[in-house]
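Chains as they are written, first to last, in the working numbering: chain A, -12 to 280; chain B, -10 to 555.
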């Protein structure tokens, strides 16, 4: 029994290594100053997908992203790790989307992909930290959703059931859910496996149409007949039958009014000598206030 | 993301000889329509090497290196007659296997990457920088070269794909009474007529990764013989059973690598190649590959020792400033870097020579070589034989020196077990011992010193042109070659084998310094931004070393030999 798996991935500025020029004077993320990377929790999601594929040979993994043409890089990264195919939704009218417009666009793309048993994505992206897109897609497609997933414990393709361990406050929760569904994966899940040397060499020249110069496109055309995997599918708004009013800026009710730089400061401070008594008292105090324990 | 694949390694990979190596290895890109990961042309090939080494650098820095301390502390354990690796060794193995970094040099038809030895050496070095102990386990995959070269097609098809999928290997050579002297191997191989297979009985000691999946075993197949001509090479497959691990050695360094004592009880095995050629042909081939591997491991450790020392010197403040500002410290760092760069140049020159002759050897398995190809094969095979002991001996000594200096730069903190430099110091120590001690590398090299092979190579290198900036250094390097010639002649004139043996190590050091001086100047001429400083510093070092050894040899005489005996 094989599965059809869709993995949602996003190319994000690497906000984990922030320098002084990470923000523009206007308070938005200075994308030019930060390298673009595969959103970390989407990699965790990809690993869960790859494990399912190992467990159910013949399964296919399609990776879907929305972004600028260069976001095809995350598709290549996914192909290097074991994904089977990729889709990049890229189009000018799609720009400036908030989570509502993004989830609409991606759910339209998923409908176009069509056949799926499980949709996996990271819990949230490190540039926006909203954690809304996965759940919104589930709503739009009318699917069950399991969020904060740490591990897929089992999947029964006959009964169409999945058992997932969720990371929740103070512990874990094990839930069972019906297929098809949306699962968003937490950063505490298993890290994604490395790129594979052979796949790296196979897919290194895979591109979407928008990445090619006219000369490159011409040179590639005969090659694609023998090596169709070097073409990554590119879709525009029209390809996914998107309603122009629901995509991009037009479809985004969210407006960022202002962004403030917040510097954390200690509100109160106490100086201690470090005697055993003092430490005991402090521990007791922290326990009482439920800061630790 | 940080990555151990640095510009210096990248430079070595882009040497002009690579054109010929790729041409021979890819055979007009014959695999391009059959395998989706095979390259289309030279640029494509080099790009693939670059990307795969980058992938290895990523794993080395982000998975293997962070695990190194835990692996060192936990070490492997002997359990139920087998080995249980340190827990994080399994993580490392899982990562390298998923990354497909196995069977790197094997042909694609068996599932390999079909990489030449040069990019393989780069991956090897990078993994050793992260953890020299893990590098042992990983790099034993190159035993498969020997099986590929001397096994039959049936054996190739059965074993090579398994290694490409990540099964590990070991070479079972050493015994309690057969270390450097492998002619004394006693492990008994007898032919079992009933089962139509060979049976191994006896014991092996100091076997690195001795609980591996596929073993190459040196055993005595000819009853009644006592020397190397009675030894044959066997393949033992762990799936057959019959070999147990009796104990694991407790070592000074490379803790991640299990060193095993093995007991063979009627273990089923199959002959690899022809009887009686085990030591004289196959182990020699195996050893040359292993020695190049240790040279790469040594350069990796040297790099790690330098990295640790540099980072500490930039961070540590004394007398109101970072200690890197003090001449006593930055001089040590400069010398470490110069040895690292010069030693690495020697390593990759060796790897490239190996590549050319091995690729021609491989072509010769399918068709007769053209006369000029045969000549090329002979030339490079001889150069590889000459360079391998030079690269192994020198780089392993440098690894020790750099690890020592790395601790020195750390001062008292370096003596504490909290810092990585102490692990490097312990790990480095074996490099000048196993796969032939430095003293045995001298034995392997001395004939090429006295018969003028190195000198011819030096003179050939001097034909190359260098930049105007590097010309003065190149002239100084040439003087070192002159001195080598003079010293060799002086020793030869004494007409005493004993004196020559006594002077051998010193002649070897002069040779190595002269060779590296030539190579680093040529490198600096091509890439001054990377090597100009190292070339300057190395020439100062090399001249001093040569002067010392020159004087030492001048002071030796036949009459003095007795004074050196205990």
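Positions of the beta carbon are idealized from the N, C-alpha and C atoms, including for glycine.
All figures in this text were calculated on a predicted structure; none of them were measured in a lab.
C-beta neighbour in chain B for residue i, strict 8 angstroms
i: residue 214 of chain A; result: yes
i: residue 240 of chain A; result: no
i: residue 187 of chain A; result: yes
i: residue 180 of chain A; result: yes
i: residue 191 of chain A; result: yes
i: residue 0 of chain A; result: no
Residue i and residue j closer than 8 angstroms at C-beta
i: residue 167 of chain B; j: residue 208 of chain B; result: no
i: residue 193 of chain B; j: residue 268 of chain B; result: no
i: residue 362 of chain B; j: residue 349 of chain B; result: yes
i: residue 273 of chain A; j: residue 279 of chain A; result: yes
i: residue 34 of chain A; j: residue 178 of chain A; result: yes
i: residue 340 of chain B; j: residue 186 of chain B; result: no
i: residue 186 of chain A; j: residue 115 of chain A; result: no
i: residue 419 of chain B; j: residue 243 of chain B; result: yes
i: residue 285 of chain B; j: residue 114 of chain B; result: yes
i: residue 133 of chain A; j: residue 140 of chain A; result: no
i: residue 289 of chain B; j: residue 466 of chain B; result: no
i: residue 429 of chain B; j: residue 128 of chain B; result: no
i: residue 95 of chain B; j: residue 153 of chain B; result: yes
i: residue 258 of chain B; j: residue 206 of chain B; result: yes
i: residue 234 of chain B; j: residue 72 of chain B; result: yes
Cα-Cα separation, residue i to residue j
i: residue 263 of chain B; j: residue 221 of chain B; result: 7 angstroms
i: residue 155 of chain B; j: residue 89 of chain B; result: 8 angstroms
i: residue 565 of chain B; j: residue 499 of chain B; result: Given that chain B is displayed from residue -10 to residue 555, the structure contains no residue 565 of chain B and the question cannot be resolved.
i: residue 460 of chain B; j: residue 316 of chain B; result: 27 angstroms
i: residue 122 of chain B; j: residue 292 of chain B; result: 15 angstroms
i: residue 223 of chain B; j: residue 204 of chain B; result: 8 angstroms
i: residue 196 of chain B; j: residue 110 of chain B; result: 22 angstroms
i: residue 190 of chain A; j: residue 183 of chain A; result: 10 angstroms
i: residue 66 of chain B; j: residue 258 of chain A; result: 48 angstroms
i: residue 276 of chain A; j: residue 270 of chain A; result: 10 angstroms
i: residue 450 of chain B; j: residue 423 of chain B; result: 31 angstroms
i: residue 22 of chain B; j: residue 313 of chain B; result: 54 angstroms
i: residue 515 of chain B; j: residue 195 of chain A; result: 38 angstroms
i: residue 322 of chain B; j: residue 501 of chain B; result: 21 angstroms
i: residue 188 of chain A; j: residue 209 of chain A; result: 19 angstroms
i: residue 485 of chain B; j: residue 431 of chain B; result: 17 angstroms
i: residue 303 of chain B; j: residue 228 of chain A; result: 58 angstroms
Contact test: residue i Cβ vs the ligand HEM heavy atom, cutoff 7 angstroms
i: residue 32 of chain B; result: Absent from the structure shown: the ligand HEM. Ligands present: none.
Residues near residue i in its chain [Cβ-Cβ closer than 7 angstroms; skip 5 each side]
i: residue 198 of chain A; result: 56 and 59
i: residue 447 of chain B; result: 470, 503, 504 and 507
i: residue 17 of chain A; result: 8, 9, 10 and 11
i: residue 473 of chain B; result: 444, 499, 500 and 503
i: residue 31 of chain B; result: 8 and 11
Same chain only: Cβ atoms within 6 angstroms of residue i, ignoring 5 sequence neighbours per side
i: residue 331 of chain B; result: 505, 509 and 527
i: residue -10 of chain B; result: Residue placement at residue -10 of chain B cannot be trusted, given a pLDDT of 45 that sits under 50; what the coordinates show is reported in the next sentence. For residue -10 of chain B, where only same-chain residues beyond five positions count, there are no Cβ hits under 6 angstroms.
i: residue 489 of chain B; result: 480
i: residue 411 of chain B; result: none
i: residue 37 of chain B; result: 28
Range of the contiguous beta strand (DSSP E) that encloses residue i
i: residue 191 of chain B; result: 186 to 197
i: residue 128 of chain B; result: Run containing residue 128 of chain B: none in the beta strand (DSSP E); it sits in the alpha helix (DSSP H), 121 to 128.
i: residue 244 of chain B; result: First-last for residue 244 of chain B: undefined, no H or E at that position.
i: residue 282 of chain A; result: This structure cannot settle anything about residue 282 of chain A, because the visible part of chain A is limited to -12 through 280.
i: residue 203 of chain B; result: 203 to 209
i: residue 556 of chain B; result: Outside the modelled stretch of chain B, which goes from -10 to 555, sits residue 556 of chain B, for which no answer is possible.
Proximal residues of chain C, C-beta to C-beta of residue i below 7 angstroms
i: residue 184 of chain A; result: In the displayed structure, chain C is absent; the protein chains listed are A and B.
Any chain A beta carbon closer than 8 angstroms to residue i
i: residue 84 of chain B; result: yes
i: residue 128 of chain B; result: no
i: residue 76 of chain B; result: no
i: residue -6 of chain B; result: no
i: residue 26 of chain B; result: yes
i: residue 290 of chain B; result: no
i: residue 48 of chain B; result: yes
i: residue 546 of chain B; result: no
Span of the alpha helix (DSSP H), counted from its first residue to its last, around residue i
i: residue 350 of chain B; result: 316 to 353
i: residue 401 of chain B; result: 401 to 404
Neighbourhood of residue i by C-beta, 8 angstroms cutoff - its chain only, sequence neighbours within 5 removed
i: residue 138 of chain A; result: 35, 151, 152, 176 and 177
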